[in-house]
Structure formats: C-alpha cells, structure tokens
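Asks:
Number of protein chains: 2
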Amino acid sequence: MGSDDLSAMLMDDDDTVKTFFHLIRHPADIKEAILTVNAEEWPRLLGLIEEVDRQAEVISLLDEGDRETLLKLIPPEKLTPLLREMETDDAADWIGDLPTQELQQKALAGLEQSDREDVAGLLLWPEDSAGGIMQVERAQVSQMSTLSETIAKVRQLVDDDLEILSIWVVDAEERLVGVIPVVDLLMHKGQTLAQDIMVPPVATVKPLEDQEAVAQIFRKYDLISLPVVDENQKFLGRIMVDDVVDVITDEANEDALRMAGTSAEELLYRSQVLSVAKIRLPWLAINLMGSLVSAFMIYLFEPVIEKAIVIAAFVPVITAMCGNVGTQSATIFLRGMATGRLDVTDIPEIFSRELRIGAIMGLACGLLVGAFAYIFFPVGDSVDPAYLGVIVGLSMIAAMTVSAALGAIAPAGMKQVGIDPAVAAGPFVTTVNDIIGICIYMGTAIYFLDALTHG
Amino acid sequence: MGSDDLSAMLMDDDDTVKTFFHLIRHPADIKEAILTVNAEEWPRLLGLIEEVDRQAEVISLLDEGDRETLLKLIPPEKLTPLLREMETDDAADWIGDLPTQELQQKALAGLEQSDREDVAGLLLWPEDSAGGIMQVERAQVSQMSTLSETIAKVRQLVDDDLEILSIWVVDAEERLVGVIPVVDLLMHKGQTLAQDIMVPPVATVKPLEDQEAVAQIFRKYDLISLPVVDENQKFLGRIMVDDVVDVITDEANEDALRMAGTSAEELLYRSQVLSVAKIRLPWLAINLMGSLVSAFMIYLFEPVIEKAIVIAAFVPVITAMCGNVGTQSATIFLRGMATGRLDVTDIPEIFSRELRIGAIMGLACGLLVGAFAYIFFPVGDSVDPAYLGVIVGLSMIAAMTVSAALGAIAPAGMKQVGIDPAVAAGPFVTTVNDIIGICIYMGTAIYFLDALTHG
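Those protein sequence lines, which keep their order, are chains V and R. Each number in my numbering corresponds to the 1-based position in the first sequence with 15 added. Each number in my numbering corresponds to the 1-based position in the second sequence with 15 added.
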C-alpha cells in the first residue's frame, strides 16, 4: 500500500481506521501511518488507538520535531494520562518541550509520585547531554544480593514491562561497582552473591557529557547500554543503544543541513513550501550580502577589466575552485570531529596539513588552468595569452592554498568559541573564499596588467 | 596522556609496550593506541599483545580502511592464526579484503572445518548488504525444545564466548518462527516449550537488503538485533546493533565526503598530504573543466561586458546564489533518503516542491539584489541603474528557481540509474548551476542591453 492510499484510508470513517490500527502489531508502524497525513489529523487518529498505553507508546516514538508539532495540537488535559504511561525519559522529553514553566509544572503534578521526582530530575539535564538521553528505570541490585534475590527482582521488573539486558550492581552508597549480563544469571547457583559474578562496567559517563561524545563511547566499545554516574560514582541511570542510534542519525542530519545553510526543522514541513523557504532564506540573505561584496570588489577593479575583458571570464573559475577546496577541508574537519578521529588539540596539525594539501592541489590546478588559458583560450589581439596564463595560474595556486587553510580553520575556530562548526563549513566558507579569491586574482592581474596588454 | 606522548611511548622499547598493553582492559583501547602511530609499526605492536585471541580481538575492531592498510603489511601466514580466533563475520571481512582469489582460498583453507563453510557462505553476500554484516553465530533452538534444553544450550554458547541477548526459535525446516529474550528464560518452568514462550520477530530482512535499509529498520523498531532469513524464511544469521551503529556512521561520513568531492579513504591518510591531494584532485579537475565552460560562456558574451563592465561584477553574485540553493535542495533529498523519510516514489513531489521553494527564495533574493543594484551600486554614467536592477533581479529569480529544481533532480536522477547520489549533490550541482546561472544572466543582459546603456 503506497503512502497515498494509506493517508486516504486514514481520512476515511473512524471504524475502519480503528480496525486497521488494531491489526498493526508494532506501535512504530502506527506512528509511521499517522505521519503520512497532515498534522491537524494526528490528534483524531491517536484517539482511534484503543488503549491509552498504546497511544503513549506511539507518541513516545515521535521525533523531536513531530513532538513539538503535536504539542501545539493537543490540549494539556489530554496529555496527562499519556504522560503517566510513558517511561520517565520520554515523559521528560515531552514535558521539557511544553512551552511554559506553568504548563510544565502542571504536567509534572499529573504524574505519579515516584515518577514525578525522576522526571523532575531528568528535566535538570540539557537535552543533548548524557543526562538528557538516559533512562532512570533499570534493574539495580546491591552487591550483597544473592542470585535468587536478583532473579526475583528481575522478574518483578519484567512484569512491569521494563526491557532488561543487564543488571547494575551498586554498593551500600549506591555507587556503581559492576554489571551482570542477564545471560550470566543462568550460569550460577542461587546463593552466589552479585559481587562474585559481576564485571566492572566497560565505561561510564557523567551526566553533562555531550551526546556526541556518548555516541563515540558506544561506537568504540560496541556497547548496548552505558551507565551514567555522578562525580561520586553514584549511579544515576542508563543510556540505551537505540537512543544512541537516533543521536548519531540526528547529528549527521544536523551537520549536513547546517552545512547547506538550513536546519533539521525543515524536514518537518513536507509540503509547506513557504515555511521551508523561511528556514532557508536567512543563510541565503547573509550569503547574498557576502556575494555583493564580491561584486563590489570586481567593480573596484573595473579599470583592469576595461583593459582586458578576458580577465572577467576567469572569475567563476577562481571562485568555483576556492569554494570546492574550502568545502573539502571543512568537511574533513567536521566528520573527523563527529567520529572522534579529531579533536581540538589536532587543530594546528589540521591547519598545516590542509595548507599543504591546498598548495599541492593549487599547484596542479593552477598549472592546468594556466596552460589552458595560454594555449586554448581565445583572446583578442590586444592581450598577451602568456601573461593571461601566468595571472590565472599564479592566482589559482595562491587562492586555493589560502582557501583550503581557511576551510579547515573556520569551523575549528567556531568550535573553539562554542558555535556549531557546521554553520561555518558551508556557505560561510564559500562566500569568504569567493571574496579572498577575487582579491588575489585581481591583485595579480593588476601586477601584470602592463605586460598582459602588451604594455 | 596526549596522543603524542602515547605514540612516543609506543615507539619505545618493546617491554614497556608489552606491559602497557597488558594493563589495558578493553581491546578497543589497544586498537586506539596502535592507531596513533604510523601504519608501518602496526605489525610490530600487534606482536607485543600477549595472547593470539586478544590480537585477533584488537584487529577485528579495525575499520575497513585500516584493515586494508594492515593487510598490506602482514604476511598471509601470520594472518591465519588470527583468522581462526575471529568470529565468522569478522573473518569473512578480512578474507574478503585479501587482494587475490588465491590468497582468499588459502586463508579459507586455514580455518577450522565448521567455520570454513560459514565464512565461505558469508563471502557470497555483498559487503554492504544484510548478508554482508550478519553473524552466523547465534543461539538457536527448535520450537519443541524445553526451557531446560534451551538453557543448557545457552550455557554452552556462553562458555564459547558468544554474546547472547535473545534465543532464536526455528521449526523442523529451520525456518525462523520466533524469538525469546534471554530475560524470559528466567520467567518460566523447565518443561515449558520454546514455542510457548517465544514471540514472533518484530522484523526480518533478506540477505540482499541494502545495509542502509537495514539501519532504517533498526531505527524504526528500536532493535538490538535483527534476524536475516532467505526467501523460504530459513534462518541465516543475525545482525547486531553495534554493527548497525557503524553502518550509520560510515554512511553519514561517506555522504558528507562524497558531497565535498572526496572519499572516506582520505580519513586514513592522516599526514600523507600527497595521498590526500590525489584523492581530492579528480573531482577538482572535473570541476575545473566545468568552470572553464563558465569562463568560455562569459567570453562569448564579451560584447555585452564591453558595453557595460558592471555586468561582470554581478557574475559571482549569481553563481554563489545558484550554488547555495542547489546544495540546499540536494542535501534535503540526500538526508531524506538516508533516514528513510523519502524514497524514489517521492521524486516528482520533491521536484515540484523544490521548484516552488526555489521560486519563492529567488523572488526574495532577486527583489533584494535588484533593488540594491538599482539604488546603491555605483555605475558609470553610461549605464542606467534601473535596468541593471531589472537584469540582475530577473535573472536571479529565474536562475535560483532552475538551480533549486536541478539540485533536487540531479541526485534523484543519479539514484534512479544506480549512481551514488552524494556524488551529484556537491560540486556537480554547483558547477552545472554556475553555467546555467551565467547563461540566464547573460541572456537577460543581452535582452535589455540597449536600455541598459541608454540605447
């Protein structure tokens, strides 16, 4: 069934939809079906899912953007019963996205006592930190628990619908001291103590650690879950791999979209072209300003162009190549940061490396384009093609070297001062490189102008 | 300890390094230490890890590129004992990367009988397919097994060092019929049959499914593992989430680097600037050709520029904006594909959407730049600023609309004919948009030329 048929069916009479939802086994499939229709219909469709806990499951699967959209469409009193059915980390995400402090307090008050404290605690951490993506629900036992006690605890948690892959072991001060994979519970006798079969956790994180760093730890150690502890090793919660999968996807999306001068928000507005244009326009406007500076530079050099119009012909060649090498350098830096292969201590090395790579590529492209300009390019009688080659070739070498270095250093610099480097890596670098490239090119042209026009 | 200190230490005397490696708990940390020094030293350092199974663990953690580098440095006879210690999916990756059929056959022959068939089977699937990333080791029982038998089986596999999170249940024909989370083994009595406690698998994939589609299934259903079955539902193996985490990271890297006109290979050559330049240059050379077409276009329009040099000044404005809108459209398409929000059936919709968004943004930027050219830009006495505004503004509207549409359709078209769309989304779109933008701009200038220069 195509998504068109599906949305047509979902706009149909309520009973058909109810039956359809009832037949779907996994809530993720219901979520996907609902996302095929316009957001205005979401509250109605959610109401057609039979049980409240299933409704809660479906909406807890929504991405951040879709969550914000839905929050605008459902009244607070309809939200409360759903929040009660959610896991604490999902409830915290929803409450954290409510527009006012007052609504947040009200939503918190609607939760059960025990959940309320957990959720309030989770709301303290930034959304993109380890604390922001951890769950407080977990299987936790004391190191002095026997295997029988541990298994009894696990059974009870499974009855409460908690997904359990490992048991966390704490000491008398609630400090995390070890972990027991569930499968190991099958390997020992009932009187064995937790501390005798536990292994130390492969890694732990502090709650304020950035979610990108968390993803790198998961990747490095091939983890399924990662415990979060405070500065005294007190056990706060666990981060599950499925949330990390989302983090990696979201960060890759964000980087790619920022580089293109837009944002992840855009993915929400499938068919609202005006909203999308509004998200993309600010960057275009800033770059329009930048390119007007380029235009002004060229205007300043009008006397040069007047003497040899062929000089104007090579402007797009210079700007295109500067833009390309700059983007290459910036992309390498960005991906290196995202995957943990590079960090800020590497910045001087990256800069010098990109400078040298830029010089090599500039030399190759400069020689090529210089030779082309000299041999093949049709010039009038008043222009010496040899000097055209020299001007285009030399300025290409210089401009590409500078552009590659700037491409590497601009995102690195932004990272240092706390701005998202992906913002720098796209149109910003391209525009600045345009201006620098034009200045170098025109400067070189002026220097050789007399020779170019046969003196 | 910084990575510089670390590599200095690893170049030190062998005994120090041996002790250092011995003290490291997780093989991932040894791998990371080894990666800080030049590849030539890797074989020596690996030899300093005490046990062969730990050596095998360390090298099985290497990325594809590092694996290829190491394969060039170690002799085949040293590889064989390591391959014997690896899991079948890792062994298949290593053997698949050996340069000749002969070496592959030899390496296969070096494995134990049982592994040999599994690895040979795995080698049949493409590297980036579900079959290429699955493991054949797994906990599998018949649906008629009792819980006691199942637990006995699990114990034996754990003794063999297999990581077990769920038990797969098959029927008499080895068809996958269900799955039992390990924790559920704690919930029932010894004589219960597997078929009574199993649940149907949330999803299955065929072995030829692309790894990006596999990642989307993991993301959608928040999976830890996913079974691979053939067309008769016969159970072939399982894909683990940690491999999917790597897939998502690799695919994001690949897309970003291809868009910048380079490749993931580059990440391997940290300090070899010549090798990096060689990877980046082909795209730059192709784009150099493209930009020379731009230069030629401008040369063709020399009479226009001769009459009004100010026309040349706005060339970088037009090309910059065409490049930016094109990249925005292409990026949205690419990320939509990568995250599964878009598929090929959406192409007509995306095209028409980007066309409309491009027109809106073109209108906004065209009006802005037209007004700027008319009001602020210094023009000589012979040029009418009003017509300059009309020329720049109108051509900006047309060029941006076309560029946005091309940005969306070029990667989509490449996807349709089986070329990686990321290749199209970067420099290709920018270059073609440059040429189109210049033609539209110059065409408009010719149309209004008499009016522009006061007739």
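Even glycine gets a Cβ: it sits at the ideal position worked out from N, Cα and C.
Do residue 419 of chain V and residue 343 of chain V have their CB atoms nearer than 9 angstroms?
Replies: Result yes, Cβ atoms of residue 419 of chain V and residue 343 of chain V sit closer than 9 angstroms.
Asks: Using a 10 Å radius around the Cβ and a threshold of 16 neighbouring Cβ atoms, would you call residue 264 of chain V buried or exposed?
Replies: Counting Cβ neighbours within 10 Å, residue 264 of chain V comes out buried, since at least 16 surround it.
Asks: Closer than 6 angstroms by C-beta to residue 295 of chain R: which residues in its own chain qualify, once you throw out the five before and the five after it? Chain order, please.
Replies: Correct list, in chain order: 277.
Asks: List the DSSP bridge partners of residue 255 of chain V.
Replies: Per DSSP, V:240.
Asks: Is it true that the CB of residue 408 of chain R sits closer than 9 angstroms to the CB of residue 427 of chain R?
Replies: No.
Asks: Curious, which full-length beta strand (DSSP E) runs of at least 3 residues does the segment 124-210 of chain V contain?
Replies: The segment 124-210 of chain V contains these whole beta strand (DSSP E) runs: 155-157, 181-185 and 191-196.
Asks: Could you check if residue 317 of chain V belongs to the surroundings of the ligand NAP, using beta carbon to heavy atom distance under 8 angstroms?
Replies: Although the ligand NAP was asked about, the structure shown includes no ligands whatsoever.
Asks: Could you tell me which residues DSSP puts in a beta bridge with residue 249 of chain R?
Replies: The partner list for residue 249 of chain R (beta bridge, DSSP) reads R:190.
Asks: Just curious, the alpha helix (DSSP H) that residue 92 of chain R is in, first and last residue?
Replies: Looking at the DSSP string, the run of the alpha helix (DSSP H) that includes residue 92 of chain R is 91-100.
Asks: Whose C-alpha, out of V:27, V:70, V:65 and V:127, is nearest the C-alpha of residue 52 of chain V?
Replies: It is V:27 whose Cα lies nearest to the Cα of residue 52 of chain V.
Asks: Could you pull the DSSP bridge partners for residue 214 of chain R from this structure?
Replies: Residue 214 of chain R is bridged to R:194.
Asks: Can residue 209 of chain V and residue 184 of chain V be called in contact, C-beta distance under 9 angstroms?
Replies: A contact, by the Cβ cut-off of 9 angstroms.
Asks: Which residues of chain V have a Cβ atom closer than 7 angstroms to the Cβ of residue 216 of chain R, listed in chain order?
Replies: Near residue 216 of chain R there are no residues of chain V at all, since even the closest Cβ is about 11 angstroms away, more than 7 angstroms.
Asks: In whole angstroms, give me the CA-to-CA distance for residue 555 of chain R and residue 421 of chain R.
Replies: An answer regarding residue 555 of chain R cannot be provided, because it is not within the stretch 16 to 470 covered by chain R.
Asks: Hey, does residue 53 of chain R have any beta-carbon neighbour from chain V nearer than 9 angstroms?
Replies: With 9 angstroms as the cut-off, residue 53 of chain R does not count as an interface residue toward chain V.
Asks: For residue 306 of chain V, return the contacting residues in chain R, with the cut-off set at a CB-CB distance below 7 angstroms.
Replies: Those within 7 angstroms of residue 306 of chain V in chain R are 331, 332, 335 and 336.
Asks: Taking the alpha-carbon positions, what's the residue 229 of chain R to residue 375 of chain R distance?
Replies: Each residue's alpha carbon lies about 37 angstroms from the other.
Asks: Evaluate the contact criterion for the segment 230-244 of chain V versus the segment 125-139 of chain V: three or more CB pairs, one atom per stretch, below 8 angstroms.
Replies: Counting Cβ pairs under 8 angstroms, fewer than three are found: no touch.
Asks: Contact criterion: CB-CB distance below 9 angstroms. Does residue 311 of chain R meet it with respect to chain V?
Replies: Taking Cβ atoms only, chain V reaches closer than 9 angstroms to residue 311 of chain R, which makes this a yes.
Asks: Which two residues bound the contiguous alpha helix (DSSP H) that contains residue 305 of chain R?
Replies: Where residue 305 of chain R is concerned, the enclosing alpha helix (DSSP H) stretches over 288-315.
Asks: Once the 5 residues before and after residue 33 of chain R are set aside, which same chain residues still bring their CB inside 6 angstroms of it?
Replies: Closer than 6 angstroms at Cβ, skipping near neighbours: 63.
Asks: Rounded to a whole number of angstroms, what is the C-alpha to C-alpha distance between residue 200 of chain R and residue 162 of chain R?
Replies: Going from the Cα of residue 200 of chain R to the Cα of residue 162 of chain R covers about 7 angstroms.
Asks: Report the rounded CA-to-CA distance for residue 81 of chain R versus residue 88 of chain R, giving the unit in angstroms.
Replies: Distance between the alpha carbons of residue 81 of chain R and residue 88 of chain R is about 11 angstroms.
Asks: Can a CB atom of chain V be found closer than 9 angstroms to the CB of residue 260 of chain R?
Replies: Chain V, which has a Cβ nearer than 9 angstroms to the Cβ of residue 260 of chain R, makes this yes.
Asks: Starting from residue 40 of chain R, trace the alpha helix (DSSP H) in both directions and tell me its first and last residue.
Replies: Run containing residue 40 of chain R: none; DSSP gives neither H nor E here.
Asks: Take residue 254 of chain V and list the residues in its own chain whose beta-carbon comes closer than 7 angstroms to its own, dropping the five residues that flank it on each side.
Replies: The answer, listed in chain order, is 145, 148, 149, 229, 240, 241 and 243.
Asks: For the candidate residues V:345, V:314 and V:372, whose alpha-carbon lies nearest to that of residue 391 of chain R?
Replies: It is V:314.
Asks: How many Å lie between residue 49 of chain R and residue 261 of chain R at the Cα?
Replies: Their Cα atoms are separated by approximately 20 angstroms.
Asks: Could you pull the start and end residues of the alpha helix (DSSP H) that residue 81 of chain R belongs to?
Replies: Element bounds for residue 81 of chain R: 79-88.
Asks: Hey, residue 107 of chain V and residue 138 of chain V: beta-carbon distance below 9 angstroms or not?
Replies: Against a cut-off of 9 angstroms, the Cβ pair of residue 138 of chain V and residue 107 of chain V comes out as a contact.
Asks: For residue 380 of chain R, return the contacting residues in chain V, with the cut-off set at a CB-CB distance below 9 angstroms.
Replies: Residues of chain V passing the Cβ test: 296, 299, 300 and 303.
Asks: Taking 9 angstroms as the CB-CB cut-off, is residue 236 of chain V touching chain R?
Replies: Taking Cβ atoms only, chain R reaches closer than 9 angstroms to residue 236 of chain V, which makes this a yes.
Asks: Does residue 160 of chain R pass the burial test, meaning 16 or more other C-beta atoms within 10 Å, or should it be called exposed?
Replies: Under this definition residue 160 of chain R is a buried residue.
Asks: Closer than 9 angstroms, CB to CB, is residue 127 of chain V near chain R or not?
Replies: False, the Cβ-Cβ gap to chain R never drops below 9 angstroms.
Asks: Find out if the Cβ-Cβ distance for the pair residue 54 of chain V, residue 84 of chain V is shorter than 9 angstroms.
Replies: Yes.
Asks: Identify which residue in R:198, R:219 and R:257 has its Cα closest to the Cα of residue 179 of chain V.
Replies: The shortest C-alpha separation from residue 179 of chain V is found at R:198.
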